[in-house]
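Chemist:
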Amino acid sequence: MSAQGRLQGKVAVVTGSGQGIGAAIARLFAREGAAVVVNSLHEASSQATARAITDAGGRAVACVGDVRSSDDARRIMDTAVQAFGGLDILVNNAGFPLDEMIHRMSDEQWDDCVDVTLKGTFNCIRAAAPHMRKEGHNGRVINVSAMAGLMGGMGMANYCAAKHGVHGLTRTVALEWARYGVTCNAIAYGWVHTRLTGEREAGAEVLGHAVGIPRRVRDRIIEQHRANQQTPEQAANAALLLALPEAQYITATILNASMGQMT
């Protein structure tokens, strides 16, 4: 999509936007005219995304914070208001898979995945409420999800449960905030090339956990999904679709953006 200023005058918060899908969404929204609050756990990656936006002529600030913390979630939303005067679009992208078979999954593996992916989404929505629950606000809440939220997956009990929860939360927010003109939708992505779908042997970590997919398993999955793989930049277009003014009648929807994966 070429930039057409379709989000001119809007203010967006994108959590987990230091890299991957979140960074691609932040950059795309900025190209379309939105002012963006870039959030991640790490100063370096948050600043890198914000700098890429400002270097290209857009408006962005970085806000390091952990969405598992309700205090951090409020600070992230407040940053949008303080820096840009409001909050129109909230993209809850923070989350990560932490795969293990149920009989081997530790409490920490369950808690860290669910706390970031589901509780973090709830924290940010609750923190955004004072800024978005206003008559005629016409805002957008976009929850980044996955096909794991529509299906089960071996070794993914924590992630599947969290994403199913995100879908229930999405539909509830859509009902509660409809009177303010706020829509709430989720995007169920399939295979998107990020560090979370990279080889585990590459050494990527989140919260001290190794993330990624073992090389032999990953090779098999890539072969199975050869026809429906996306880059983060391609994936970001689904979020833009839901953020546009023309999407005002789309709400409580789980958008299948998996390039053909079926439930």
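Going by my numbering, the residue at position 199 of the sequence shown is 222; the numbering climbs one at a time, nothing skipped. Each residue gets a CB set at the ideal place from its N, CA and C atoms; glycine is no exception.
1. Are at least three pairs of beta-carbons, each pair with one atom in the stretch 151–164 and one in the stretch 85–104, less than 8 Å apart?
2. Can you tell me where the beta strand (DSSP E) with N62 in it begins and where it stops?
3. Do V114 and T195 have their C-beta atoms within less than 8 Å of each other?
4. Where do the N-terminal and C-terminal ends of the beta strand (DSSP E) with Y203 fall, by residue?
5. Roughly how far, in whole angstroms, is the beta-carbon of L265 from the beta-carbon of I165, given that I think they are within contact range, below 8 Å?
6. I'd like the span of the alpha helix (DSSP H) that includes R50, first residue to last.
7. Looking at the structure shown, is R97 part of a helix, part of a strand, or coil, going by DSSP?
8. Name the one or two DSSP bridge partners that M179 has.
9. Just mark A26 as buried or exposed, buried being the case when its beta carbon has 16 or more other beta carbons within 10 Å.
10. Looking at S68: is its Cβ nearer than 8 Å to the Cβ of G88?
11. Tell me where the alpha helix (DSSP H) around R149 begins and ends.
12. Kindly identify the DSSP beta-bridge partner or partners of R163.
13. Report yes if the CB atom of V36 is closer than 8 Å to the CB atom of M100, and no otherwise.
14. Could you round the C-beta distance between L278 and I210 to whole angstroms and report it? I think they count as a contact, below 8 Å.
Modeler: This is what the structure holds:
1. yes
2. 58–63
3. no
4. Y203 -> no beta strand (DSSP E), and no H or E assigned at all.
5. 5 Å
6. 43–54
7. helix
8. E123
9. exposed
10. no
11. 143–155
12. I112, T206
13. yes
14. 5 Å
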